[in-house]
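Notes for the one structure printed next.
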Amino acid sequence: LLVGAGGSLVILAFLFYAASRPGQDVSPAQVLAAISGSSVTLFILYLVLALAGIWIRAIRYQTLIVASGEAAANIPAIGTMVLITAVRGMVVDLLPARLGELAYVALLKRVSGTSISSGLSSLLFAMVLDIAVLAPVTILLAVVIGFPNTAPVKVALIALAAVAVFYIGIRYVLPAMMTFLHNQGWAKGRIFGKLLGLVSQLNDAVQATLGAGVLVKVLLLTIVVRALKYIGLLVLFHSI
16 LLVGAGGSLV ILAFLFYAAS RPGQDVSPAQ VLAAISGSSV TLFILYLVLA LAGIWIRAIR
76 YQTLIVASGE AAANIPAIGT MVLITAVRGM VVDLLPARLG ELAYVALLKR VSGTSISSGL
136 SSLLFAMVLD IAVLAPVTIL LAVVIGFPNT APVKVALIAL AAVAVFYIGI RYVLPAMMTF
196 LHNQGWAKGR IFGKLLGLVS QLNDAVQATL GAGVLVKVLL LTIVVRALKY IGLLVLFHSI
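Position in the sequence shown counted from 1, then plus 15, gives you the numbering used here.
Put into structure tokens, the structure is as follows:
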């Protein structure tokens, strides 16, 4: 805890130093004045929205884990799920390419005994649905208020295409590939057999989730999650 807090303070001090350098038009006194003059009420509202967002995320993850066919004894209670979700949010950007997300799967396994396949399945669906919600919103914002350039719209269109490819892949390509590999006897290999077994379990969890009829519910929860996040940031901005 001390190392983590110390690291955060060092990073904060560096940012403060960089912002107060000559030519940046920001002085330490201005930063302190902005913080001291901020609205405590709006800051508390921001915290409430952030906590509500974590709770809704936890419900979303729990729903996806249940849908994956995980045994009831290995499904985290909502309180445990909230804590795991909070930690996941803290570590997600500690490693490149969002590899910190894997801490979520590890915590599920360690704390509740949730299978790796169910953890990965819930993580995959949550990430893809986040993109599926954000991409149309980006395009809508471009139409309504405009952007300085077309780059955000291009990224959004690529993201929507990626979501479509992902759905086709898990719905049709992955099951067909698993069947082909099993028929070819690749599962008998010592090392490759274990890897194929894990992928097979993930495929089972993914197919169970697709057939559970929860994707509309999870999509609505995702919309609420994104709304709480960005409304919260807007409130925090206005508080300062």
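Ideal Cβ placement from N, Cα and C applies to all residues, glycine included. Fair warning: this is a prediction, and the values are worked out from it, not measured in the lab.
- In this structure, DSSP gives Q199 a state outside helix and strand, which the three-state scheme calls coil.
- Taking a contact as a CB-CB distance under 8 Å, the pair T237 and A82 does not count as one, their CB atoms being some 14 Å apart.
- Counting C-beta atoms within 10 angstroms of its own C-beta, A220 has 16 or more neighbours from the protein chains shown and is therefore classed as buried.
- The segment 151-165 and the segment 121-137 do not touch, with fewer than three beta-carbon pairs separated by less than 8 Å.
- For I255, the secondary structure class from DSSP, reduced to helix, strand or coil, is coil.
- Here DSSP, grouped into helix, strand and coil, assigns P111 to helix.
- For a cut-off of 8 Å, the C-beta gap from R75 to A141 is around 6 Å, short enough to register as a contact.
- The beta carbon of L251 sits closer than 6 Å to those of Y61, all from its chain and outside the five residues before and after it, given in chain order.
- The residues L189, P190, M193, in chain order, have a CB closer than 7 Å to that of N218 in the same chain once the five nearest residues on each side in sequence are set aside.
- If you look at S137, you'll find it in the alpha helix (DSSP H) that goes 131-159.
- Check the Cα spacing between I146 and each of K124, V180, L135, Q222: the tightest is with V180.
- Counting only the Cα atoms, L144 lies some 14 Å from T78.
- Non-local beta-carbon contacts of H253 in its own chain, meaning distances under 7 Å to residues more than five positions away in sequence, involve L57 in chain order.
- The three-state secondary structure of E116, taken from DSSP, is helix.
- Contact between V240 and R72 holds: their C-beta atoms lie close to 5 Å from each other, under 8 Å.
- Non-local beta-carbon contacts of V168 in its own chain, meaning distances under 8 Å to residues more than five positions away in sequence, involve T153, I154, A157, F162 in chain order.
- Counting of Cβ neighbours within 10 angstroms places I93 among the exposed residues, the total staying below 16.
- In the DSSP assignment, L64 falls within the unbroken alpha helix (DSSP H) covering 55-82.
- A check of alpha carbon separations from A121 across I185, V46, L135 identifies L135 as the nearest.
- CA-to-CA, the gap between L211 and L196 works out to about 8 Å.
- If you ignore the 5 residues before and after W70, its C-beta comes within less than 7 Å of the C-beta of V97, all in its own chain and listed in chain order.
- The continuous stretches of alpha helix (DSSP H) do not include T165, and DSSP gives it neither H nor E.
- Assigned with DSSP and collapsed to three states, A227 falls in coil, not helix or strand.
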